[in-house]
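Peer 1:
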Amino acid sequence: MIDVKHLSKSFGDHLVLDDISEHISPGEKVVVIGPSGSGKSTFLRCLNLLETPTSGSIIFNGQEITDPKIDINAIRRQMGMVFQHFNLFPNMTIRKNITLAPVQTKLMSQEEADDTATALLRRVNLEEKADAYPAQLSGGQKQRIAIVRSLAMKPQLMLFDEPTSALDPEMVGEVLAVMKELAEEGMTMVVVTHEMGFAREVGTRVLFMDGGKILEQNEPHTFFANPKQPRTIDFLSKVL
Amino acid sequence: MSFLEKFTLIFTNAKYLESMLTGLKMTLVISVGAAALGLVLGTIVALVGIAQSKNPLMKLPKLICAVYVTVIRGTPMALQLFIMAFVVFAIRGFPLEVTAIIAFGINSGAYVSENIRGGILSVDIGQTEAGRSLGLTAGATMRYIVIPQAVKNVIPSIGNELIALIKETSIVSMIGMYDLTAASKNLASGQNLANYLAPMTAAALFYLAIVYLLTFAVKKIEGRLRQSDRR
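Just so you know, the protein sequences line up as chains A and B, in that order.
Read in order, the letters of the first sequence correspond to residues 3 to 242 in our numbering.
Read in order, the letters of the second sequence correspond to residues 62 to 292 in our numbering.
(1) Between the beta-carbon of residue 249/B and the beta-carbon of residue 257/B, is there less than 9 Å?
(2) Is the CB of residue 152/A under 9 Å away from at least one CB in chain B?
(3) Exposed or buried, residue 197/A, counting other C-beta atoms within 10 Å across all chains shown (16 or more means buried)?
(4) Using the beta-carbon of each residue, which ones in chain B are nearer than 9 Å to residue 165/A?
(5) Find the residues of chain A that neighbour residue 201/B, judging by a C-beta separation of less than 7 Å, and give them in chain order.
(6) For residue 1/A, which three-state DSSP category applies?
(7) Taking a contact to mean a Cβ-Cβ separation below 9 Å, would you say residue 192/A touches residue 32/A in this structure?
(8) Considering only DSSP beta bridges, list what residue 59/A is partnered with.
(9) Could you pull the start and end residues of the alpha helix (DSSP H) that residue 239/A belongs to?
(10) DSSP three-state call for residue 84/A: helix, strand or coil?
(11) Identify, in the order they occur along the chain, each residue of the same chain with its Cβ nearer than 7 Å to the Cβ of residue 11/A, setting aside the five sequence neighbours on each side.
(12) Mind checking who residue 123/B pairs with in its DSSP beta bridge?
(13) With a cut-off of 9 Å, does the C-beta of residue 78/A fall near any C-beta of chain B?
(14) What's the C-alpha gap between residue 158/A and residue 81/A?
(15) Give the straight-line distance between the Cα atoms of residue 222/B and residue 276/B, rounded to the nearest whole angstrom.
(16) Within 10 Å of its beta-carbon, does residue 285/B have 16 or more other beta-carbons around it, so buried, or fewer, so exposed?
(17) Would you be able to state if there are at least three C-beta pairs under 8 Å between the region 204-211 of chain A and the region 219-231 of chain A?
(18) Evaluate contact between the region 174-181 of chain B and the region 63-75 of chain A, counting only Cβ atoms and requiring at least three cross-stretch pairs below 8 Å.
(19) Please classify residue 228/A as buried or exposed, where buried requires at least 16 neighbouring CB atoms within 10 angstroms.
(20) Rounded to whole angstroms, what's the CA-CA distance from residue 253/B to residue 183/B? Just pull it up for me.
(21) For the putative contact between residue 124/A and residue 194/B, defined by C-beta atoms under 8 Å, what is the C-beta separation to the nearest angstrom?
(22) Anything in chain A within Cβ reach of residue 194/B, meaning under 7 Å, just list it in chain order.
(23) Considering only residues of the same chain and omitting the five flanking positions on each side of residue 235/B, which have a CB-CB separation below 8 Å?
(24) Can you list, in chain order, the stretches of the alpha helix (DSSP H) that have 4 or more residues and sit fully within the region 146-227 of chain A?
(25) Output yes if chain B places a C-beta closer than 9 Å to the C-beta of residue 37/A; else output no.
(26) Please state whether the Cβ-Cβ distance between residue 161/A and residue 184/A is less than 9 Å.
(27) I need the DSSP call for residue 12/A, collapsed to helix, strand or coil.
(28) Suppose only complete runs of 4+ residues qualify. What are the alpha helix (DSSP H) ranges in the region 156-188 of chain B, listed by chain order?
(29) In chain order, what residues of the same chain have a beta carbon less than 6 Å from the beta carbon of residue 131/A, not counting five sequence neighbours either side?
(30) Can you look up residue 229/A in the DSSP assignment and give me helix, strand or coil?
(31) Quick one: is residue 185/A near chain B, going by C-beta distance under 9 Å?
(32) In the DSSP output, what is residue 65/A paired with across the bridge?
(33) Is DSSP giving residue 212/B helix, strand or coil here?
(34) Give the residues of chain A in contact with residue 177/B, contact being defined as C-beta atoms less than 9 Å apart.
(35) Can you give me, in chain order, the residues of the region 200-220 of chain B that have a beta carbon less than 8 Å from any beta carbon in chain A?
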């Protein structure tokens, strides 16, 4: 589904991603962990070109999306993204938040989009919030809305950038539950997170990043039971 | 005659009242015209300045806009008005009102553009990222997501700019135009009231009333736009 080849990214003199090559297959739930500043968020943001790679290429379903001539908007419609700070549009109702993109990109008519929004809201038990504004919701509710807002575009792949890091501890569970459900339905997911429990339970593969490189990766059970690199062992000993 | 009698005379004597109202009308014509021109100009300049186009053709308009803002904000309004009246539009029969509207509009546009630019930049970058990540174009993201939020942020400062503009039009008498300030000076002369305080006070009250109404309108608009912020 996604092929990353020799991806590097620097901000000025600072090299954030150092020659990363990676492949993500359909249906995989890849969990990316690592210390702050390891480049994991930048890696994720490169996948939908919110950050422009300095060098290297990214191929999504056979199309090289790093090619400047490609219609990046058409590619992004197939990838959902969920942010740490939700980024709901505060000037719109929840329904409008969800229907704006499908209608504007002509994926759906307004009625179809409204129906989709209702169905999606029912799915996360927030049907009654359709006409509320984001400021009236709790953090956990906002993030659940942000997830279904992405789903309204019917993406093939979902990117999660620390989706629970800005939440009160008691709201983390409700968001992870939605993500877990999504994983069970077969969605391809790339999740940057500090939730080791989620990585272990939902992930099909765990990547450990540090210093702009993927230092170690494995199937979660083996990864957590038997880390090999000293840096991984050190990191896990601090977070587990 | 006491101050009060002279002050009353301005509103009761038909000649004096008409003189004041003619001036008031001119002040309003220049203010409204210049405000409209300034808002349009300011919006265009702000959008050009903020556009992150990689197209080299955008370099020239960007440079022009930057020079415009710097020059206009860096020179006195009276001087800009003189240049417009005695150099650019020094054409026999060219209406002075139009000259004044253009001069004040161009001046106001420079300030408005900076207000709007600040308003757009004050919208969290995450809003743009969310819009783009959903597959919306840069233009659609600006139009549906960023601009509506920016408008809310700039209304107070635009209101301030309009208030400053209205009061600044009082210098048009320097190029021989008859506005509210000029009218009050005319009424103060020896052939009329032979008194400064009464007509100046009357003119001040007119300015105050205009600014008060404008402030009220701005507050109303602000309140309506802030509805989605309420919990």
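For each residue, glycine too, the CB sits at the ideal point set by N, CA and C.
Peer 2: Reading from the atomic positions:
(1) Locating residue 249/B in the second sequence gives position 188, where the first residue counts as 1. Locating residue 257/B in the second sequence gives position 196, where the first residue counts as 1. In this structure, residue 257/B lies closer than 9 Å to residue 249/B by Cβ.
(2) Along the first sequence, read from residue 1 onward, the residue named residue 152/A stands at position 150. Chain B, which has a Cβ nearer than 9 Å to the Cβ of residue 152/A, makes this yes.
(3) The residue labelled residue 197/A in the question sits at position 195 within the first sequence. When all chains shown are included, residue 197/A counts as buried.
(4) In the first sequence, residue 165/A corresponds to position 163, counting from 1. Neighbours of residue 165/A on chain B: none; closest Cβ ~13 Å, over 9 Å.
(5) The count along the second sequence starts at 1 and reaches residue 201/B at position 140. Within 7 Å Cβ-Cβ: 106.
(6) Residue 1/A falls outside the range modelled here, since chain A spans only 3 to 242, and no answer is possible.
(7) By one-based count along the first sequence, residue 192/A stands at place 190. By one-based count along the first sequence, residue 32/A stands at place 30. Their beta carbons are under 9 Å apart, which means residue 192/A touches residue 32/A by this criterion.
(8) Looking up residue 59/A in the first sequence gives position 57. 7/A.
(9) For the purposes of this step, residue 239/A is taken as the residue at position 237 of the first sequence. Counting along the chain, the alpha helix (DSSP H) containing residue 239/A begins and ends at 232-241.
(10) Within the first sequence, the letter at position 82 stands for residue 84/A. Residue 84/A falls in the strand class under three-state DSSP.
(11) Here residue 11/A corresponds to residue number 9 of the first sequence, with the count starting at 1. Around residue 11/A: 18, 19, 44, 48, 53, 55, 56.
(12) For this step, residue 123/B is matched to residue 62 along the second sequence. According to DSSP, residue pairing for residue 123/B in a beta bridge does not occur.
(13) Here residue 78/A corresponds to residue number 76 of the first sequence, with the count starting at 1. Cβ-Cβ to chain B under 9 Å: yes for residue 78/A.
(14) Here residue 158/A refers to the residue found at position 156 when the first sequence is read from its first residue. Here residue 81/A refers to the residue found at position 79 when the first sequence is read from its first residue. If you take the alpha carbons of residue 158/A and residue 81/A, they lie about 6 Å apart.
(15) Reading the second sequence from its first residue, position 161 is the one you call residue 222/B. Reading the second sequence from its first residue, position 215 is the one you call residue 276/B. C-alpha separation (whole angstroms): 11 Å.
(16) Here residue 285/B corresponds to residue number 224 of the second sequence, with the count starting at 1. An exposed status is given to residue 285/B, since fewer than 16 other beta-carbon atoms sit within 10 Å of its beta-carbon.
(17) Taking 8 Å as the limit for Cβ pairs, the verdict is that the region 204-211 of chain A does touch the region 219-231 of chain A.
(18) Because the criterion of three Cβ pairs below 8 Å is not met, the region 174-181 of chain B and the region 63-75 of chain A do not touch.
(19) Locating residue 228/A in the first sequence gives position 226, where the first residue counts as 1. Classification for residue 228/A: exposed.
(20) Taking the first residue of the second sequence as position 1, residue 253/B is located at position 192. Taking the first residue of the second sequence as position 1, residue 183/B is located at position 122. Taking the straight line from one Cα to the other gives about 53 Å.
(21) As a first step, residue 124/A must be located in the first sequence, where it is residue number 122. As a first step, residue 194/B must be located in the second sequence, where it is residue number 133. Not confirmed; about 24 Å, so no contact.
(22) Position 133 of the second sequence holds residue 194/B. Near residue 194/B (Cβ distances below 7 Å), the residues of chain A are 50, 52, 78, 83.
(23) Numbered from 1 along the second sequence, position 174 holds the residue referred to as residue 235/B. The answer, listed in chain order, is 139, 142, 143.
(24) 171-186, 198-204, 222-227
(25) As a first step, residue 37/A is located in the first sequence; it is residue number 35 there, counting from the start. Judged by the 9 Å Cβ criterion, residue 37/A is not in contact with chain B.
(26) Within the first sequence, the letter at position 159 stands for residue 161/A. Within the first sequence, the letter at position 182 stands for residue 184/A. Not a contact, by the Cβ cut-off of 9 Å.
(27) On the first sequence, residue 12/A is found 10 positions in, with the first residue counted as 1. Residue 12/A falls in the strand class under three-state DSSP.
(28) You should have 157-182.
(29) Within the first sequence, the letter at position 129 stands for residue 131/A. So the list reads 96, once near-sequence residues are dropped.
(30) Against the first sequence, residue 229/A aligns to sequence position 227. In this structure, residue 229/A counts as coil in the three-state DSSP scheme.
(31) Counting from 1 along the first sequence, the entry for residue 185/A is found at position 183. Not one chain B Cβ lies under 9 Å of residue 185/A.
(32) For the purposes of this step, residue 65/A is taken as residue 63 along the first sequence, with counting starting at 1. BP columns for residue 65/A point to 62/A.
(33) Within the second sequence, residue 212/B is the residue found at index 151, counting from 1. Three-state DSSP puts residue 212/B in a helix.
(34) For the purposes of this step, residue 177/B is taken as residue 116 along the second sequence, with counting starting at 1. Residues of chain A passing the Cβ test: none, with the nearest at roughly 17 Å.
(35) For the region 200-220 of chain B, which is checked against every Cβ of chain A, the residues closer than 8 Å are 201, 205, 206, 209, 210, 213.
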